[in-house]
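Protein chains in written order, with the working numbering: chain A, 21 to 181; chain B, 21 to 181.
By construction, the Cβ of each residue, glycine as well, lies at the ideal position given by its N, Cα and C atoms.
Here's the structure, in structure tokens; my notes come after.
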DNA sequence: TAGCACTCTGTTATAACGTAACGGCCACGC
DNA sequence: GCGTGGCCGTTACGTTATAACAGAGTGCTA
């Protein structure tokens, strides 16, 4: 398993710029267009390791004059998730930037969600969960989400956020 | 791993009555009240192995004169999920009856969701997924959801629903 | 250079999902 | 009787998401 980044102290500035650079490189390679709007949306998601609701993102974008109608936010988020630069957290109806921009596209993702501070760490699920069960049932898994809620180290030790 | 019921042909009548009996027994034991409304909501969920939206359930209830306002459906669903008689499928914003009413309360659930016919099979996740990752991060998992989307055996063989 | 195709963005309107809050009803126990 | 607590009915609203169409920019090509 890989390290689930997000809770441990880290060089967040580097974390952001690495992700942005990876996104730019991936877009160049794939012919996708990381427009100013999309890039800014990704930057906003990258600012913290918390999940951001579509309307929260929209509010941030609107404050910068980048669009203030829901479809603007949803289109940007669709682009980012399709390209693998962000993930949707189903339990929160919210979105986080991908912590593993270098990983294979469409990698199986697993999330650790702190119910106290709201931060989300992403682990790479390198083996499909449910593999045995699915096979038993003759089910073909195309895409799996794993979302765990609990307490991160800081919040366990009473540090709050 | 246990068998993920729901896709394979089975005696659905028995499936329904077993689940209802288990719910009644559990309520009796816990002092919870399986009122007519709640019981009927559970029956409706049990009618198929598909996930039902809260508003779909409400429509069904309303057709029987059992309440036609959103809170009615949500309260029944909250009761059923709290008691472990039903589960919420986050990816679908929808609810399914529990296929393992005999299992430990609050068991870790994992779902196989057919994207073609919409049926949902439930497997018991007897070991916490993410255990290793969570431990690496010092994260305490309280509750995890696993939801896989794909194709069930029938839909793979072109049978549709 | 005019016309076309394509993609991205702007906007309106509405659908779908979910909940807060209050009041009434009923059963139960004292 | 009378309070208590749980359930249900209702109003009103908040949050999340999408369909559909209009406009702007770019690049191709004939």
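Point to revise | C-alpha distance - residue 58 (chain B) paired with residue 141 (chain B), whole-angstrom precision | key: The residue given as residue 58 (chain B) occupies position 38 in the second chain. The residue given as residue 141 (chain B) occupies position 121 in the second chain. Each residue's Cα considered, the two are about 22 Å apart.
Exercise for review: Kindly indicate if chain A contains any beta-carbon less than 9 Å away from that of residue 70 (chain B).
Suggested key: In the second chain, the residue the question calls residue 70 (chain B) occupies position 50. No - not a single Cβ of chain A is within 9 Å of the one on residue 70 (chain B).
Check your understanding: Taking Cβ-Cβ distances shorter than 7 Å, what residues in chain A pair up with residue 160 (chain B)?
Key -> Numbered from its first residue, the second chain carries residue 160 (chain B) at position 140. Using a Cβ-Cβ cut-off of 7 Å, residue 160 (chain B) is close to 170, 171, 176 of chain A, given in chain order.
Practice item. Identify whether residue 135 (chain A) lies in helix, strand or coil by the three-state DSSP scheme. Key: Numbered from 1 along the first chain, position 115 holds the residue referred to as residue 135 (chain A). For residue 135 (chain A), the three-state secondary structure derived from DSSP is coil.
Review point. How is the beta strand (DSSP E) around residue 144 (chain B) delimited, first residue to last?
Key: As a first step, residue 144 (chain B) must be located in the second chain, where it is residue number 124. Looking at the DSSP string, the run of the beta strand (DSSP E) that includes residue 144 (chain B) is 140-144.
Review point. Between which two residues does the beta strand (DSSP E) containing residue 167 (chain B) stretch?
Key: Here the question's residue 167 (chain B) lines up with position 147 in the second chain. Boundaries of the beta strand (DSSP E) harbouring residue 167 (chain B): 160-171, taken from the DSSP string.
Exercise for review: Report the residues of the stretch 108-139 of chain A with a CB closer than 8 Å to any CB of chain B, ordered along the chain.
Suggested key: For the stretch 108-139 of chain A, residues whose beta-carbon sits nearer than 8 Å to a beta-carbon of chain B comprise 110, 111, 130, 132, 134, 135.
Practice item. Run the CB neighbour count on residue 117 (chain B), radius 10 Å, all protein chains shown included, and call it buried at 16 or more, exposed below. Key: Taking the first residue of the second chain as 1, we reach residue 117 (chain B) at position 97. When all chains shown are included, residue 117 (chain B) counts as buried.
Practice item. Taking only the alpha-carbon atoms, compute the straight-line gap between residue 135 (chain B) and residue 109 (chain A) and give it to the nearest angstrom. Key: On the second chain, position 115 is the one that residue 135 (chain B) refers to. On the first chain, position 89 is the one that residue 109 (chain A) refers to. Cα atoms of residue 135 (chain B) and residue 109 (chain A): separation of roughly 19 Å, rounded to the nearest angstrom.
Review point. Excluding five sequence neighbours on each side, which residues of the same chain lie with their C-beta closer than 7 Å to the C-beta of residue 50 (chain B)?
Key: If you number the second chain from 1, residue 50 (chain B) lands on position 30. Within its own chain, no residue has a Cβ closer than 7 Å to the Cβ of residue 50 (chain B) once the five positions on either side in sequence are excluded.
Exercise for review: Check the C-beta distance from residue 157 (chain A) over to residue 27 (chain B) and give it rounded, since I have them as a contact under 8 Å.
Suggested key: Position 137 of the first chain, counting from 1, holds the residue named residue 157 (chain A). Position 7 of the second chain, counting from 1, holds the residue named residue 27 (chain B). Confirmed, about 5 Å.
Exercise for review: For the alpha helix (DSSP H) containing residue 80 (chain A), list its first residue and its last residue.
Suggested key: The residue given as residue 80 (chain A) occupies position 60 in the first chain. It spans 74-83 - the alpha helix (DSSP H) in which residue 80 (chain A) sits, taken as one unbroken run.
Point to revise | Stretch-stretch touch, CB-based, cutoff 8 Å, three pairs: the stretch 91-102 of chain A with the stretch 64-83 of chain A | key: The stretch 91-102 of chain A vs the stretch 64-83 of chain A: in contact.
**Study point:** Bridge partners - residue 107 (chain B), DSSP secondary structure assignment
**Key:** Residue mapping note: residue 107 (chain B) aligns to position 87 of the second chain, counting from 1. DSSP, once it has assigned bridges, lists B:116 as partnering residue 107 (chain B).
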